[in-house]
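K.L.:
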Amino acid sequence: MAQLAAAGRPTWLARVRQRTLRHAPSDDAPVVLRHSRIYLLPTRRGWAVIATLLIMLLGSLNYALALGVGVTFLLAGLVAAAQLHTFRNLAGIEITPLSAGETFAGGSIPFALALHAGSAARTDIRVRGGNAEAGGDIAAGQALTVTLDVDAPTRGRIALGRVTLSSAFPFGLWRGWAYVHFPLVGIVFPAAEIGAPPLPRGFGGADPLAQGTSDDSDLAGLREFQRGDPPQRVAWKAVARGAGWFSKEFDGAGGGGPLALMWDALPQTLPVEARLSRLTAWVLAAERSARAFSLTLPRTHLATRQGRDHRREALTALADFPAEAPT
Amino acid sequence: MIFRKPAREAPALSPLKVKWLGALLLAAQIPQAPHLPIWVAVAGLMLVGVRFLLLRGNPRRPDAPPARIPSWALALFAVATALTLRQSYGYIAGRDPSVAFLYILVAIKFLETRTDRDGVLLVCLACFLTMTPFFYSQSLFAALAAVPAVVLVGATLDVLSAKDDSKRVVAPCVAIRRSAVMILQGLPIAILLFVLFPRLAQPLWGLPSDHSARTGLSDSMSPGDITELTVSDAVAFRVEFEGPVPPNRDRYWRGPVFSRFDGTKWTASAIGMTNSVAPATGRSIGYTVTIEPNNRHWLFALDLPSSLPKPADNVQESSGYTARITRDQQILISKPVSETMQYVQRSVVRSSYASTSQIDGPANLELGRGNERTIAFARELREANPDPRAFIAAILTKFHDEEYVYTLATPFYASNPVDGFMFDGRRGFCEHFASAFVVLLRAGGIPARIVTGYQGGTINPRGNYMIVRQSDAHAWTEALIDGQWQRFDPTAAVSPSRIEIGLGGALPASDIPFLARLDGSWLSNVRLAWDAFNYDWRRNVVGFNRDRQRSLFRDWRVDEMAPWKGVFLVALVIFAWGALVVVWLMWKRRHQERALVLWDDLNRRLASAGLPRHPYEGPLDFAKRAAARWPQFAIAFSAIGESFAELRYGAVDVTREREALVATLQRAIEVLPAPARLRSTSA
Numbered sequence: 073m074a075q076l077a078a079a080g081r082p083t084w085l086a087r088v089r090q091r092t093l094r095h096a097p098s099d100d101a102p103v104v105l106r107h108s109r110i111y112l113l114p115t116r117r118g119w120a121v122i123a124t125l126l127i128m129l130l131g132s133l134n135y136a137l138a139l140g141v142g143v144t145f146l147l148a149g150l151v152a153a154a155q156l157h158t159f160r161n162l163a164g165i166e167i168t169p170l171s172a173g174e175t176f177a178g179g180s181i182p183f184a185l186a187l188h189a190g191s192a193a194r195t196d197i198r199v200r201g202g203n204a205e206a207g208g209d210i211a212a213g214q215a216l217t218v219t220l221d222v223d224a225p226t227r228g229r230i231a232l233g234r235v236t237l238s239s240a241f242p243f244g245l246w247r248g249w250a251y252v253h254f255p256l257v258g259i260v261f262p263a264a265e266i267g268a269p270p271l272p273r274g275f276g277g278a279d280p281l282a283q284g285t286s287d288d289s290d291l292a293g294l295r296e297f298q299r300g301d302p303p304q305r306v307a308w309k310a311v312a313r314g315a316g317w318f319s320k321e322f323d324g325a326g327g328g329g330p331l332a333l334m335w336d337a338l339p340q341t342l343p344v345e346a347r348l349s350r351l352t353a354w355v356l357a358a359e360r361s362a363r364a365f366s367l368t369l370p371r372t373h374l375a376t377r378q379g380r381d382h383r384r385e386a387l388t389a390l391a392d393f394p395a396e397a398p399t
Numbered sequence: 058m059i060f061r062k063p064a065r066e067a068p069a070l071s072p073l074k075v076k077w078l079g080a081l082l083l084a085a086q087i088p089q090a091p092h093l094p095i096w097v098a099v100a101g102l103m104l105v106g107v108r109f110l111l112l113r114g115n116p117r118r119p120d121a122p123p124a125r126i127p128s129w130a131l132a133l134f135a136v137a138t139a140l141t142l143r144q145s146y147g148y149i150a151g152r153d154p155s156v157a158f159l160y161i162l163v164a165i166k167f168l169e170t171r172t173d174r175d176g177v178l179l180v181c182l183a184c185f186l187t188m189t190p191f192f193y194s195q196s197l198f199a200a201l202a203a204v205p206a207v208v209l210v211g212a213t214l215d216v217l218s219a220k221d222d223s224k225r226v227v228a229p230c231v232a233i234r235r236s237a238v239m240i241l242q243g244l245p246i247a248i249l250l251f252v253l254f255p256r257l258a259q260p261l262w263g264l265p266s267d268h269s270a271r272t273g274l275s276d277s278m279s280p281g282d283i284t285e286l287t288v289s290d291a292v293a294f295r296v297e298f299e300g301p302v303p304p305n306r307d308r309y310w311r312g313p314v315f316s317r318f319d320g321t322k323w324t325a326s327a328i329g330m331t332n333s334v335a336p337a338t339g340r341s342i343g344y345t346v347t348i349e350p351n352n353r354h355w356l357f358a359l360d361l362p363s364s365l366p367k368p369a370d371n372v373q374e375s376s377g378y379t380a381r382i383t384r385d386q387q388i389l390i391s392k393p394v395s396e397t398m399q400y401v402q403r404s405v406v407r408s409s410y411a412s413t414s415q416i417d418g419p420a421n422l423e424l425g426r427g428n429e430r431t432i433a434f435a436r437e438l439r440e441a442n443p444d445p446r447a448f449i450a451a452i453l454t455k456f457h458d459e460e461y462v463y464t465l466a467t468p469f470y471a472s473n474p475v476d477g478f479m480f481d482g483r484r485g486f487c488e489h490f491a492s493a494f495v496v497l498l499r500a501g502g503i504p505a506r507i508v509t510g511y512q513g514g515t516i517n518p519r520g521n522y523m524i525v526r527q528s529d530a531h532a533w534t535e536a537l538i539d540g541q542w543q544r545f546d547p548t549a550a551v552s553p554s555r556i557e558i559g560l561g562g563a564l565p566a567s568d569i570p571f572l573a574r575l576d577g578s579w580l581s582n583v584r585l586a587w588d589a590f591n592y593d594w595r596r597n598v599v600g601f602n603r604d605r606q607r608s609l610f611r612d613w614r615v616d617e618m619a620p621w622k623g624v625f626l627v628a629l630v631i632f633a634w635g636a637l638v639v640v641w642l643m644w645k646r647r648h649q650e651r652a653l654v655l656w657d658d659l660n661r662r663l664a665s666a667g668l669p670r671h672p673y674e675g676p677l678d679f680a681k682r683a684a685a686r687w688p689q690f691a692i693a694f695s696a697i698g699e700s701f702a703e704l705r706y707g708a709v710d711v712t713r714e715r716e717a718l719v720a721t722l723q724r725a726i727e728v729l730p731a732p733a734r735l736r737s738t739s740a
């Protein structure tokens, strides 16, 4: 066994732990809940009723009340049937991981899962992951998409972690639950600095859209829309009027050309997180004003580009920046 | 995480949930109410009613929150109730006042029920209340009366667990049906537990300190008293014989003797003590009696005692009981039997003894009020039979030859009970026969009296001792003839098997041949069936106790089985039950979504015919593609596609319309040939 463990196979104990508690994200989508995953224990209410039945049983036995024993066991049968119904309510649900969302630090990440009811209707299914909870009823043959909004206080990657599906239907006497653990990871970008300094100056003239020389970008006029013009520059009002497609031309932008956002250009005195926040703010500002930019971090370099994907890549690079600044 | 953390502020119950709780309480209270003093019964029901009234709110201010009764007022009321109960019963720790207090307390709790947790507590209390009526009656009727409460326990739990007053709550029949179905599903487990769960040999607590008159013979006898006792399978006493056990017909366990009669009720005469047993010759039988507490002053001995009881060897003398014997040969002790007692007793089995007192004769001729017809009949009969023995034989012959029925299901004879029994009802249990017999004898001038006690008893083959139960309670008579008190048992004239075999042999229809002479009308057949059913009920359900369980285990050879085998077998049965119910549930749900099943089936068939449905393809598109492939079934395919699309994605809420669509879908699918033929058609 030790040799096996050394060879990279988990020990017997670890496998049992994984099977029972699902600590590692080992579930391949989709997961169908079967008896091996479903746990059942009485709820507080269930314990209260069971204790009541025990006292009733003791009393009936003591006073030799056959019918008292009968009623007690009739109710015990009801409790036992409730357990099966709770099991049935969970068994056969198919869970598919849909997506992990993105957010900025301080927000919440939406993780989406789809629950397929299968051939039976499901009632009051609760889904909990991280610190978020969602759920509801699912009609037979239908699917329910649940979104778990997990709090993301710090930048980096946040795994959804183990998800608990539970239900106390029908009587609230039993709580059935099952663990599923998908490798769903969401990205938390650094929070943008509030009141960040203006964008650094770009390389003048390199921007094919830049016409003037002033620092501020003032609207200079409209020209015919050309394929490839960024949507931020489309004169949507004109489009809406039906006047045709035009792009806005801006005056100035002496620094309106491509930007070079560089880690090393920031003051060395700023802490790591503050620098990341500022860069994030600049990436957002650059994207808002539809300017191409490059991003240079100690170990990463993103070439000058523009667009949603570029922005996302840049933000991801910032999110993944190691916590300790490399020396 | 097993428990969810309780919310700091428990959620308040909606009015609808409160109404459900109220309904549950009423269902639990009503079967108990007849067994309580009238003021307790009414007060409990009224308190529940008050809550319903409060829920309705103020009609002038409909927006105001429902009025509340402050908790301190309710607490005060509870204390006042407890004190009143103490006053009314004379004690509070016993069973009856406790039941009455629980009955009121549940209603008070209901008045101040606000949160979810209160609701659950109330459901638990209602469960208790469902059980308490069985202290007083375990008849079939009592069992049926408990059913609504049991069903409502499940339904109320269902309603309580709904998050809001959604559709789960709105339809009462849904919750009730769900609960009823689940009770039926749990029934196999209930029966299994009922049969297999071990019963107690000895009560664990409480019985001695109970002041209440427990089931057992009392110091008076009215018609119906002993019938009532046969319901109880409680043990009266156990006996270990030193020698051979006398036959059943000789086992008359003598108890209270009644001489006074007011026309309905028999009571004891003024007690005359002799402190000496009636002189007897013959073989005396020694035995040890272990009597269960009955809170009475009397002990039981085989007819007739030939000694005073002595404490058994293993019992300390210090218990302070002194035993005496009355002139009627009844054994009394100085303190009521409030705990299990053991005494050694000797008796000589015989059916007569010499009267020692001059007043025995005159004291046993009282006739009480009423019952004129019986008295007139007796006087006539006596004139025809001047010899006392011939007179008695004539009475017994009348009982035997005419249509008298020995039965548990006796009518209630309101006034002149002896007349009612003798000439109208003619159906009675031992006390009716004994009572009528004594009245007839007295009217005919022969002093006679009632003796109550037990008759029979069953040998427990395991412990080799005899168990005498309350259900063995019996009443017989003694008549003073020629200075001898002579035992007569009129029951034996009607139902000899009662005396020869015991109650069990006496009541099934096959053992009561004279009933067959009731001209076989359907009514008598129904009565016979009812009687047999009642007897089965008492014997097999109410009377299913430790001994019955043991003998059942012996019949099944359970006691020869290794314990692990037994446990394994029970586990297997429970597992099989669980699997069956789950499979059934799955199947049932599947059945409900018939359209889906049909559609899946069709998809499989078409796939095997060479036309699998694309995952992105909707029913209409798929049907169109199939129709293009098999144009001869185009109409069927379009019907399939449209009806299924309508069922799945349309807004068809009316059940009837849904059913019609499902029928259309099914018919259209049935039009299609088998996949193999379909495949060849397309080729």
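For the protein sequence lines, the chains are A and B, in the order given. In this text, residue positions in the first sequence follow the numbering used here: the first is 73, and each later residue adds one. In this text, residue positions in the second sequence follow the numbering used here: the first is 58, and each later residue adds one. All residues carry an ideal CB built from backbone N, CA and C; glycine is no exception. Fair warning: this is a prediction, and the values are worked out from it, not measured in the lab.
Do you know offhand how far B/A684's Cα is from B/L677's?
P.N.:
On the second sequence, position 627 is the one that residue 684 of chain B refers to. On the second sequence, position 620 is the one that residue 677 of chain B refers to. Each residue's alpha carbon lies about 10 angstroms from the other.
K.L.:
Tell me, please, whether the segment 525-545 of chain B touches the segment 457-468 of chain B by the rule of three or more beta-carbon pairs shorter than 8 angstroms.
P.N.:
They do not touch, by the three-pair rule.
K.L.:
Can you tell me which of B/D417, B/R256, B/A691 puts its alpha carbon nearest to the alpha carbon of B/A505?
P.N.:
Sequence index remark: in the second sequence, residue 505 of chain B carries index 448 (1-based). Of the candidates B/D417, B/R256, B/A691, the one whose C-alpha sits nearest the C-alpha of B/A505 is B/D417.
K.L.:
What are the boundary residues of the beta strand (DSSP E) that includes B/Y309?
P.N.:
Taking the second sequence and counting its residues from 1, the one referred to as residue 309 of chain B is at position 252. First-last of the beta strand (DSSP E) with B/Y309: 309-315.
K.L.:
Are B/V406 and B/P303 close, meaning C-beta to C-beta below 8 angstroms?
P.N.:
For the purposes of this step, residue 406 of chain B is taken as residue 349 along the second sequence, with counting starting at 1. For the purposes of this step, residue 303 of chain B is taken as residue 246 along the second sequence, with counting starting at 1. Cβ distance < 8 angstroms, so B/V406 and B/P303 count as in contact.
K.L.:
How about A/G234 and A/H95: do their beta carbons lie closer than 8 angstroms?
P.N.:
Here residue 234 of chain A is taken as the residue at index 162 of the first sequence, counted from 1. Here residue 95 of chain A is taken as the residue at index 23 of the first sequence, counted from 1. Correcting the residue type first, residue 234 of chain A is Arg in the shown sequence and not Gly. Cβ distance < 8 angstroms, so A/R234 and A/H95 count as in contact.
K.L.:
Any beta carbon of chain B sitting closer than 8 angstroms to that of A/F438?
P.N.:
Beyond the ends of chain A as shown, which are 73 and 399, falls residue 438 of chain A; an answer cannot be given.
K.L.:
Among B/I348, B/M330, B/P313, which has the Cα closest to the Cα of B/T324?
P.N.:
For the purposes of this step, residue 324 of chain B is taken as the residue at position 267 of the second sequence. It is B/P313.
K.L.:
With DSSP as the reference, please indicate the residues paired to A/V143 in a beta bridge.
P.N.:
Here the question's residue 143 of chain A lines up with position 71 in the first sequence. A/V143 is not bridged to any residue.
K.L.:
Just mark B/L274 as buried or exposed, buried being the case when its beta carbon has 16 or more other beta carbons within 10 Å.
P.N.:
As a first step, residue 274 of chain B must be located in the second sequence, where it is residue number 217. Under this definition B/L274 is a buried residue.
K.L.:
How many Å lie between B/A636 and A/V104 at the Cα?
P.N.:
As a first step, residue 636 of chain B must be located in the second sequence, where it is residue number 579. As a first step, residue 104 of chain A must be located in the first sequence, where it is residue number 32. So the alpha carbons of these two residues sit roughly 19 angstroms apart.
K.L.:
Under 7 angstroms Cβ to Cβ from B/F571, same chain only, skipping five residues before and after it: list those, please.
P.N.:
Position 514 of the second sequence holds residue 571 of chain B. Any answer about B/F571 is weak, because its pLDDT of 38 lies below 50 and its placement is not dependable; what the coordinates show is given next. So the list is empty, once near-sequence residues are dropped.
K.L.:
Select from the segment 132-143 of chain A all residues with a C-beta closer than 9 angstroms to any C-beta belonging to chain B, and list them in chain order.
P.N.:
Taking 9 angstroms as the Cβ-Cβ cut-off against chain B, the residues of the segment 132-143 of chain A that qualify are S132, L133, N134, Y135, A136, L137, A138, L139, G140, V141, G142, V143.
K.L.:
Whose Cβ in chain B lies nearer than 7 angstroms to the Cβ of A/L232?
P.N.:
Position 160 of the first sequence, counted from the first residue, corresponds to residue 232 of chain A. Within 7 angstroms Cβ-Cβ: nothing; A/L232 doesn't reach chain B, min ~17 angstroms.
K.L.:
Using the Cβ count rule (16 or more neighbours within 10 Å means buried), how would you classify B/Q512?
P.N.:
Counting from one through the second sequence, the residue named residue 512 of chain B turns up at place 455. B/Q512 should be labelled buried.
K.L.:
Does any residue of chain B bring its CB to less than 8 angstroms from the CB of A/F318?
P.N.:
Working through the first sequence from its first residue, we reach residue 318 of chain A at position 246. Cβ-Cβ to chain B under 8 angstroms: no for A/F318.
K.L.:
Answer with buried or exposed for B/P154, where buried requires no fewer than 16 other C-beta atoms within 10 angstroms of its C-beta.
P.N.:
For the purposes of this step, residue 154 of chain B is taken as residue 97 along the second sequence, with counting starting at 1. Result: buried.
K.L.:
When Cβ atoms are compared, which residues of the segment 182-193 of chain A fall closer than 7 angstroms to chain B?
P.N.:
So the close ones are S191, A192, A193.
K.L.:
Determine which residues of the segment 463-485 of chain B have a Cβ less than 7 angstroms from any Cβ of chain A, and write them out in chain order.
P.N.:
Those residues of the segment 463-485 of chain B that come within reach of chain A (Cβ to Cβ, closer than 7 angstroms) do not exist; the list is empty.
K.L.:
Which residue comes first and which comes last in the beta strand (DSSP E) that contains A/D209?
P.N.:
Residue mapping note: residue 209 of chain A aligns to position 137 of the first sequence, counting from 1. Segment 204-210, the beta strand (DSSP E) holding A/D209.
K.L.:
Please give the ranges of any beta strand (DSSP E) in the segment 444-521 of chain B, keeping only runs that are unbroken, at least 3 residues long and fully inside the region.
P.N.:
For the segment 444-521 of chain B, whole beta strand (DSSP E) runs of length 3 or above, ordered along the chain, are 505-512, 515-517.
K.L.:
Could you work out which residues of chain B lie near A/P102, taking near to mean beta carbons separated by less than 9 angstroms?
P.N.:
On the first sequence, position 30 is the one that residue 102 of chain A refers to. Ordered by position in chain B, no residue passes the 9 angstroms Cβ test against A/P102, which lies about 14 angstroms from the chain.
K.L.:
Quick check on this structure: which residue in B/S700, B/M330, B/A717, B/I95 has the alpha carbon closest to the alpha carbon of B/Y160?
P.N.:
Working through the second sequence from its first residue, we reach residue 160 of chain B at position 103. For the residues B/S700, B/M330, B/A717, B/I95, the minimum Cα distance to B/Y160 belongs to B/I95.
K.L.:
I believe A/R38 touches A/A353 by the beta-carbon criterion, under 8 angstroms. Please report the beta-carbon distance rounded to the nearest angstrom.
P.N.:
Absent from the model: residue 38 of chain A. The displayed extent of chain A is 73 to 399, so no value can be given.
K.L.:
Counting only the same chain and skipping the five closest in sequence on each side, list residues whose C-beta sits under 6 angstroms from that of B/S375.
P.N.:
The sequence position of residue 375 of chain B within the second sequence is 318, counting from 1. Residue placement at B/S375 is poorly supported in this model, since its pLDDT is 42, which falls under 50; the coordinates are not used for a value here.
K.L.:
So the candidates are B/S404, B/G510, B/A691; which of them puts its Cα closest to the Cα of B/G339?
P.N.:
In the second sequence, residue 339 of chain B corresponds to position 282, counting from 1. The residue with the shortest Cα to Cα distance from B/G339 is B/S404.
K.L.:
If you run the structure through DSSP and keep just helix, strand and coil, what is B/T321?
P.N.:
The count along the second sequence starts at 1 and reaches residue 321 of chain B at position 264. Here B/T321 sits in coil by DSSP.
K.L.:
Here's the rule: buried if 16 or more other CB atoms are within 10 angstroms of the residue's CB, otherwise exposed. What is B/D616?
P.N.:
Counting from 1 along the second sequence, the entry for residue 616 of chain B is found at position 559. With fewer than 16 other Cβ atoms within 10 Å, it is exposed.
K.L.:
Where does B/K74 fall in DSSP's three states?
P.N.:
In the second sequence, residue 74 of chain B corresponds to position 17, counting from 1. In this structure, B/K74 counts as helix in the three-state DSSP scheme.
K.L.:
May I ask you to verify whether the segment 354-365 of chain B touches the segment 380-388 of chain B, counting CB pairs closer than 8 angstroms and requiring at least 3?
P.N.:
Yes: the two stretches touch, three or more of their Cβ pairs being nearer than 8 angstroms.
K.L.:
If you drop the 5 nearest sequence neighbours on each side, which residues of the same chain put their C-beta closer than 7 angstroms to that of B/Q606?
P.N.:
Counting from one through the second sequence, the residue named residue 606 of chain B turns up at place 549. Once the five neighbours on either side are set aside, the close Cβ partners of B/Q606 are R256.
K.L.:
Would you kindly check if the distance between the Cβ of A/V252 and the Cβ of A/D99 is under 8 angstroms?
P.N.:
For the purposes of this step, residue 99 of chain A is taken as residue 27 along the first sequence, with counting starting at 1. For the purposes of this step, residue 252 of chain A is taken as residue 180 along the first sequence, with counting starting at 1. Yes; because the gap between Cβ atoms is below 8 angstroms, this pair is in contact.
K.L.:
Listed in chain order, which residues of the segment 184-195 of chain B have Cβ atoms closer than 8 angstroms to some Cβ of chain A?
P.N.:
Taking 8 angstroms as the Cβ-Cβ cut-off against chain A, the residues of the segment 184-195 of chain B that qualify are C184, F185, T187, M188, F191, F192, Q195.
K.L.:
So what's A/V104 in DSSP terms, helix, strand or just coil?
P.N.:
Locating residue 104 of chain A in the first sequence gives position 32, where the first residue counts as 1. Here A/V104 sits in strand by DSSP.
K.L.:
Roughly how far, in whole angstroms, is the beta-carbon of A/A192 from the beta-carbon of B/M643, given that I think they are within contact range, below 8 angstroms?
P.N.:
Stepping through the first sequence from its first residue, residue 192 of chain A is reached at position 120. Stepping through the second sequence from its first residue, residue 643 of chain B is reached at position 586. Right, their Cβ atoms sit about 6 angstroms apart.
K.L.:
So A/W84 is in the alpha helix (DSSP H); what residue range does that whole segment cover?
P.N.:
Position 12 of the first sequence holds residue 84 of chain A. Per DSSP, A/W84 belongs to the alpha helix (DSSP H) from 84-93.
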